[in-house]
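Peer 1: Every letter in the sequence shown is one number past the one before it in UniProt numbering, and letter 50, counting from 1, is 50. Where is the CB? At the ideal position from N, CA and C, for every residue including glycine. Here the structure is a predicted model, which means the values were calculated and not measured.
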Amino acid sequence: MEALNASFVPSPHIPATPAKVLRKSQFLHFQFCSKPSSFVQSYDRNKSSSKILATLSSSVSTETLDPTEPALETDSQQETFDWYAQWYPVMPVCDLDKRVPHAKKVMGLDLVVWWDRNENEWKVFDDTCPHRLAPLSEGRIDQWGRLQCVYHGWCFNGSGDCKFIPQAPPDGPPVHTFKKACAAAYPTTVQNDIVWFWPNSSPEYKDILSSKKPPYIAELDDPSYIKTMGNREFPFGYEILIENLVDPAHVPYAHFKLLPVKLDREGGAPIDITINKLDKEGFHASRFGGITNFMAPCVYKSAFSLPPKNGNEPQRRGLLLFFCVPVGPGKSRLIYTFPRNFGVWMDRIMPRWVFHLWQNRILDSDLYLLHLEERKIMEVGPTNWLKACFVPTKSDAQVVAFRRWLKTYSGGQINWGGKFSGALPPTPPKEQLMDRYRSHVVNCSSCSLAYKSLNALEVALQVIAFGSIGAVAATKQNAMSAAARTSLVLMAILCFAASRWLAHFIYKNFHFHDYNHALL
1 MEALNASFVP SPHIPATPAK VLRKSQFLHF QFCSKPSSFV QSYDRNKSSS KILATLSSSV
61 STETLDPTEP ALETDSQQET FDWYAQWYPV MPVCDLDKRV PHAKKVMGLD LVVWWDRNEN
121 EWKVFDDTCP HRLAPLSEGR IDQWGRLQCV YHGWCFNGSG DCKFIPQAPP DGPPVHTFKK
181 ACAAAYPTTV QNDIVWFWPN SSPEYKDILS SKKPPYIAEL DDPSYIKTMG NREFPFGYEI
241 LIENLVDPAH VPYAHFKLLP VKLDREGGAP IDITINKLDK EGFHASRFGG ITNFMAPCVY
301 KSAFSLPPKN GNEPQRRGLL LFFCVPVGPG KSRLIYTFPR NFGVWMDRIM PRWVFHLWQN
361 RILDSDLYLL HLEERKIMEV GPTNWLKACF VPTKSDAQVV AFRRWLKTYS GGQINWGGKF
421 SGALPPTPPK EQLMDRYRSH VVNCSSCSLA YKSLNALEVA LQVIAFGSIG AVAATKQNAM
481 SAAARTSLVL MAILCFAASR WLAHFIYKNF HFHDYNHALL
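1) With which residues is tyrosine 225 paired in a DSSP beta bridge?
2) By DSSP, does residue 538 sit in helix, in strand, or in coil?
3) Could you tell me which residues DSSP pairs with tyrosine 300 in its beta bridges?
4) If I'm right that isoleucine 226 touches arginine 340 with Cβ under 8 Å, what's the distance once you round it to whole angstroms?
5) Could you pull out every residue in the same chain whose Cβ sits closer than 6 Å to the Cβ of aspartate 207, ignoring the five residues on either side in sequence?
6) Quick one: what's got a C-beta closer than 6 Å to asparagine 46's C-beta in the same chain, skipping five residues either side?
7) Does DSSP put valine 425 in a helix, in a strand, or in coil?
8) Is alanine 503 near glutamate 458, with beta carbons less than 8 Å apart?
9) Note the first and the last residue of the continuous alpha helix (DSSP H) segment covering methionine 480.
10) Quick check on valine 60: buried or exposed, where buried means 16 or more other Cβ atoms within 10 Å of its Cβ?
11) Got a sec, what are the start and stop residues for the alpha helix (DSSP H) lysine 206 sits in?
12) Is DSSP giving threonine 128 helix, strand or coil here?
13) Closest to leucine 320 by C-alpha separation, out of Ser211, Leu245, Asp161 and Arg404, would be which residue?
14) Please name the residue or residues paired with asparagine 157 in a DSSP beta bridge.
15) Alpha carbon to alpha carbon, how far is proline 67 from arginine 375?
16) Under a three-way DSSP split, which group does isoleucine 240 fall into?
17) Label serine 446 either buried or exposed according to how many other C-beta atoms from any shown protein chain fall within 10 Å of its C-beta, with 16 as the threshold for buried.
18) Buried or exposed for aspartate 221, please, with buried defined as at least 16 other CB atoms from any protein chain shown within 10 angstroms of its CB.
19) In whole angstroms, give me the CA-to-CA distance for leucine 370 and methionine 350.
20) Residues in its own chain within less than 7 Å of serine 49 by CB, not counting five upstream and five downstream?
21) Among the residues of its own chain, which have a CB less than 6 Å from the CB of lysine 257, if the five just before and after it don't count?
22) Check each candidate in Leu334, Leu209, Trp198 and Arg403 and name the one with the smallest Cα separation from valine 299.
23) Using a 10 Å radius around the Cβ and a threshold of 16 neighbouring Cβ atoms, would you call histidine 152 buried or exposed?
24) State the beta-bridge partners of methionine 91 as determined by DSSP.
25) Would you check if the distance between the CB atom of tyrosine 186 and the CB atom of valine 124 is smaller than 8 Å?
26) Would you report the Cα separation of methionine 378 and phenylalanine 164, rounded to the nearest angstrom?
27) If we call anything under 8 Å between Cβ atoms a contact, is alanine 285 one with alanine 397?
28) So the alpha helix (DSSP H) glutamine 364 belongs to, where does it begin and stop?
29) Which residue comes first and which comes last in the alpha helix (DSSP H) that contains arginine 404?
30) Look at serine 365 and alanine 254 and say whether their C-beta atoms are less than 8 Å apart.
31) Below 7 Å CB to CB, which residues in the same chain sit around histidine 176 once its five sequence neighbours on both sides are set aside?
32) Return the CA-CA distance between leucine 53 and glycine 139, expressed in angstroms with no decimal places.
33) Going along the chain, which residues of its own chain have a beta-carbon closer than 6 Å to the beta-carbon of leucine 297, five neighbours each way excluded?
34) Residues in the same chain with beta-carbon distance under 7 Å from glutamine 26, minus the five sequence neighbours each way, listed in chain order, please.
35) Which residue or residues does DSSP assign as beta-bridge partners of glutamate 121?
36) So which of Ala492, Phe338, Ala460 and Gly160 has the shortest CA-CA distance to glutamate 119?
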């Protein structure tokens with residue numbers, strides 16, 4: 001899944017093709033390839049510079065280690081990573097409707113995201129009304145811009161203070177001012193057009209933004225860069241999501257025939273990746289002539305550059321950005337974007353949903369196998385990953401680095417704060433597991449609008465088809481010429497055929513598209 005725009009969305013992919021192919025493939029190539037194709041086939045020009053697997057996979061296979069290679073530096077204190085003392089991305093602003101509250105889950109916490117028009121800010125609350133614990137996300141924004149619980153009408157301002165309890169007598173005690181009447185409000189900010197929240201509503205964290213901010217990506221605020229965002233829910237955990245995104249080697253095989261370049265799944269080539277630093281804050285790596293960073297716990301960033309087409313043009317630069325959100329055991333969310341300062345015309349003339357059709361195909365192509373892989377890892381125990389998996393090549397360096405980071409600073413798994421027993425949710429039927437509508441369309445403003453419009457067009461085509469046949473049947477033979485009858489019948493056939501094709505298109509692109517890699 002390293003390829004979302006790089007190799008795609010769920011994992012930056014890197015197709016193994018010559019540089020020529022890259023130059024011809026234009027922007028769409030970067031929409032799904034984590035690095036320019038010219039970097040795909042990496043050559044090991046300096047074996048001594050690779051500090052990676054020798055250190056990172058030391059617990060995996062002693063046969064692959066070179067004792068002469070330098071050890072990878074890590075924090076000597078090996079502090080524990082505090083999962084509840086971090087900023088987490090919730091959703092892109094472009095996919096949030098200001099008119100309604102939105103239910104989301106992050107780190108096992110049920111959240112409601114809503115627009116406070118009085119303060120002109122997005123707010124993130126605990127999705128629980130203090131009255132009878134009903135979900136506030138099922139409520140509404142009232143005429144005064146307050147979040148109203150739909151169960152009994154309690155209303156809350158942007159700070160979580162209860163401003164109105166309909167059932168309280170006006171001449172009685174002001175029960176709405178009691179502390180227990182307040183909704184839990186989390187520290188919230190919008191950065192890089194993404195809503196972020198701090199998963200602790202204690203008053204001591206009210207001003208946490210002044211001392212600690214979310215990771216900032218300057219390119220997302222640079223007007224010379226185009227940045228089209230997308231999001232997707234996955235039926236596998238955060239660990240599998242990141243593991244897949246940082247792995248370029250799977251692209252020619254798991255995403256065969258889905259990228260705008262020719263991939264060789266019969267052969268392949270070594271991929272030289274070097275881990276330069278690993279500590280509690282994440283890791284830094286070098287690959288394909290570019291730099292990649294994992295900024296714990298959520299951000300994976302891969303930078304690349306291309307020479308200008310002519311002397312008057314600035315250097316072409318781009319990023320592959322993945323914001324990986326832990327939702328719960330066996331569930332994760334991906335927010336992705338691929339900012340770049342070249343080929344911007346395509347994003348400006350094409351709606352987002354057109355790009356998402358392609359990106360979702362890539363995301364879906366290895367979704368099922370990742371879901372099953374996670375269950376196999378749970379069988380051996382996530383803390384035993386480095387022992388159970390055999391990763392002898394440099395192409396797995398970032399995967400091993402992430403697992404090493406997870407084991408060193410978090411015991412090999414996320415600390416859910418005791419919310420979960422550790423068991424994964426059951427596996428549903430494949431069609432339900434890979435349902436794009438629930439995992440993407442309803443959460444994407446562009447795809448949701450396209451879905452409604454295409455369904456309306458399908459109905460319109462059917463109405464025209466049956467209307468034309470009805471007109472022919474209801475008209476007396478002498479009242480209509482043979483040519484007119486023939487034209488109406490032909491139009492009816494074409495419209496009906498078009499409606500059937502459109503129905504298939506909608507189902508395949510907005511609901512379910514199965515993959516049989518053996519037949520590709």
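Peer 2: In short:
1) None, per the DSSP bridge assignment.
2) Limits of the chain in this structure are 1 at one end and 520 at the other, which puts residue 538 out of reach.
3) Phe294 and Phe322.
4) About 6 Å separates the two Cβ atoms, so the contact holds.
5) none
6) The predicted model places asparagine 46 with a pLDDT of 36, which falls under 50 and marks its position as unreliable, so this point remains unresolved.
7) Reading off the sequence, residue 425 comes out as proline, not valine. DSSP places proline 425 in coil when its eight states are reduced to three.
8) In contact: alanine 503 and glutamate 458 (Cβ atoms closer than 8 Å).
9) That residue, methionine 480, is in no alpha helix (DSSP H); it is neither H nor E in DSSP.
10) Because valine 60 sits at a pLDDT of 35, beneath the cut-off of 50, its placement in the model cannot be relied upon, and the following sentence gives the value as read from the coordinates. Buried.
11) Lysine 206 -> no alpha helix (DSSP H), and no H or E assigned at all.
12) coil
13) Leu245
14) According to DSSP, which records beta bridges pairwise, asparagine 157 is partnered with nothing at all.
15) With a pLDDT of 26 at proline 67, under the threshold of 50, the modelled position of this residue cannot be trusted, and the question is left open.
16) If DSSP states are grouped into helix, strand and coil, isoleucine 240 belongs with the helices.
17) With a threshold of 16 other beta carbon atoms within 10 Å, serine 446 meets it and is buried.
18) exposed
19) 31 Å
20) Its pLDDT being 37, under 50, serine 49 is placed unreliably in this model, and the value from its coordinates should be taken loosely. The residues are Thr274.
21) Leu520
22) Leu334
23) By the neighbour-count criterion, in which 16 or more other beta carbons inside 10 Å mark a residue as buried, histidine 152 falls on the exposed side.
24) Val195
25) yes
26) 48 Å
27) yes
28) In the sequence under discussion, the amino acid at residue 364 is aspartate, which differs from the glutamine named in the question. Here the alpha helix (DSSP H) through aspartate 364 covers 352-365.
29) 397-410
30) yes
31) Cys162, Lys163, Phe164, Ile165 and Ala168
32) Residue placement at leucine 53 is poorly supported in this model, since its pLDDT is 39, which falls under 50; the coordinates are not used for a value here.
33) Sequence check: residue 297 is proline here, not leucine. Gln86, listed in sequence order.
34) Low per-residue confidence applies at glutamine 26: pLDDT is 36, beneath 50, and the placement is therefore not dependable, though the value from the model is reported in the following sentence. Contacts found: Gly343.
35) DSSP output for glutamate 121 lists Asp116 as bridge partner(s).
36) Per the C-alpha coordinates, the member of Ala492, Phe338, Ala460 and Gly160 positioned closest to glutamate 119 is Gly160.
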